[in-house]
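Q: For reference, the structure I am asking about is given below.
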Amino acid sequence: MDSNTVGQIKSLLEEFRSGMESVKRLTPTRKDQPDVQKSFSLLEQAFGLFQSAVNVELGKISSRLTTVEDRQENLDQYSRRNCLLFRGIHGSGDGAEDEKGCLELVMDVIKNKLQLNLSEEVVERCHRLGVKRNPDHVRPIIVKFYSYRYRNQVFGSKKLLKGTRITICEFLTKNRMAVLNKARDVHGKEKCWTSDGKVIIKLVVNNRERKVVATKLEHVPQSGSEPQPSAPPPEPAGTSGKAKPPAAKKTNTVTPRELLRLRN
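Just so we're aligned, residue 125 is where the sequence shown starts under the numbering used here, counting upward by one.
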């Protein structure tokens, strides 16, 4: 059962309840037929209990589905943690690049442009993504490293490619890529990046910088959004909603010592 099925069940229950109301309005109720009115009342009560129980179970199922989907998404992204995408690397021009040819192109970037002393043994697999349909389109190369440490070395040196046509990015799932695209559309490309499959957004609120981590579309804040104002401090127990008692008026009182002095 998926989320669409849960929604369909809820919709059918509402349609059934609406149909019951329509039948009740169309059926004339007469004082000499109390059994008919009683039957409608019992049917409504029974259906109300049934609908309430079903809605509770559907809520539990929906919550479990969301948890399972989130775990599946996280596992899918975690399985890509050793992978990187190299974009903008042109081939030899013959259009017949095999894995070895892609590896040579990638290692040339790693050694000469990123200035990393790594050998071909750090790469488990690499190949271009997609099918070559447009000769002018340069397909990205996906590279899977044997170790996350090697992958992190390469990804951490991507700033050295600034000013070139080559870029290196993480291999995101479809959902995470949608989150990144939405964040860039709202906040700009310069304020959004990824780290270990998570989308990081830099915001400036009240002249202060803060970073927001987003893994879902609903996590992406709107442009110019500000944090909600903090709630006022709670009132002491027993005084909520009650007016403060007026301050006691200061009265002139005479102490026993002053009274003796006045008598003398």
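Just so it is clear, CB atoms sit at the ideal spot from N, CA and C, and this is done for glycine as well.
Give me the Cα-Cα distance between T291 and A302, rounded to the nearest whole angstrom.
A: When rounded, the distance between both Cα atoms is 19 Å.
Q: What are the partner residues of E333, as DSSP defines its beta bridges?
A: Looking at the DSSP assignment, E333 forms a beta bridge with V328.
Q: Looking only at C-alpha atoms, which of Q196, K335 and N258 sits nearest to W317?
A: Of the candidates Q196, K335 and N258, the one whose C-alpha sits nearest the C-alpha of W317 is K335.
Q: Check the DSSP bridge columns for T291 and list the partner residues they point to.
A: R211, per the DSSP bridge assignment.
Q: Span of the alpha helix (DSSP H) holding H311?
A: Looking at the DSSP string, the run of the alpha helix (DSSP H) that includes H311 is K298 to H311.
Q: Distance check for I324 and V344, CA to CA, integer angstroms please.
A: Using only the alpha carbons, I get a separation of about 10 Å.
Q: Quick one: what does DSSP say K322 is sitting in, helix, strand or coil?
A: Looking at K322 - three-state DSSP - the assignment turns out to be strand.
Q: In angstroms with no decimal places, state the Cα-to-Cα distance between I266 and L284.
A: Their Cα atoms are separated by approximately 19 Å.
Q: Would a C-beta distance cut-off of 8 Å place L182 and R275 closer than the cut-off?
A: No; because the gap between Cβ atoms is not below 8 Å, this pair is not in contact.
Q: Could you pull out every residue in the same chain whose Cβ sits closer than 8 Å to the Cβ of I234, ignoring the five residues on either side in sequence?
A: Once the five neighbours on either side are set aside, the close Cβ partners of I234 are L240, L242 and V278.
Q: Quick one: what does DSSP say E248 is sitting in, helix, strand or coil?
A: Reduced to three states, the DSSP call for E248 is strand.
Q: Spell out the partners DSSP gives I266 in its beta bridges.
A: DSSP output for I266 lists L209 and H251 as bridge partner(s).
Q: Using CA atoms only, rank isn't needed, just tell me which of S271, T288, K286 and T339 is closest to K306.
A: That would be T339, whose Cα lies nearest to the Cα of K306.
Q: Whole angstroms is fine: what's the gap from F270's alpha carbon to R263's?
A: Here residue 270 turns out to be Tyr, not Phe, going by the sequence shown. One C-alpha to the other measures close to 23 Å.
Q: Starting from L284 and walking both ways along the alpha helix (DSSP H), at which residues does that stretch end?
A: Premise fails: L284 is in no alpha helix (DSSP H) and is neither H nor E.
Q: Hey, quick one: how far does the alpha helix (DSSP H) through V230 stretch, first residue to last?
A: Taken as a continuous stretch (DSSP letters only), the alpha helix (DSSP H) holding V230 covers E223 to D232.
Q: Go ahead and label E138 buried or exposed: buried means 16 or more other beta carbons lie within 10 angstroms of its beta carbon, across all protein chains shown.
A: Result: exposed.
Q: Roughly how many angstroms separate the alpha carbons of V337 and L167, rounded to a whole number?
A: Answer to the nearest angstrom: the Cα atoms are 50 Å apart.
Q: Under 8 Å between the Cβ atoms of F171 and R141?
A: Against a cut-off of 8 Å, the Cβ pair of R141 and F171 comes out as a contact.
Q: Going by other Cβ atoms of all chains shown within 10 Å of its Cβ, with 16 needed for buried, is R300 buried or exposed?
A: Classification of R300: buried, given that the 10 Å Cβ count is 16 or more.
Q: Are the beta-carbon atoms of T288 and Q201 separated by less than 8 Å?
A: Going by C-beta atoms, T288 is not nearer than 8 Å to Q201.
Q: Give the straight-line distance between the Cα atoms of C293 and S135, rounded to the nearest whole angstrom.
A: Going by the C-alpha atoms only, they are around 43 Å apart.
Q: One question on the structure: do K268 and R252 come within less than 8 Å of each other, judged by their Cβ atoms?
A: No, they are not a contact pair.
Q: What does the alpha-carbon distance come out to for the pair R332 and D222?
A: One C-alpha to the other measures close to 49 Å.
Q: Please return the same chain residues whose Cβ sits closer than 6 Å to the Cβ of S347, not counting the five positions on each side in sequence.
A: If we look at S347 and ignore the five residues flanking it on each side, its Cβ neighbours are V310.
Q: From this set, G215, N198 and F210, which residue's C-alpha is nearest K256's C-alpha?
A: Of G215, N198 and F210, the residue nearest in Cα terms is G215.
Q: Do K315 and K326 come within 8 Å of each other at the CB atom, strictly closer than that value?
A: Closer than 8 Å, so yes.
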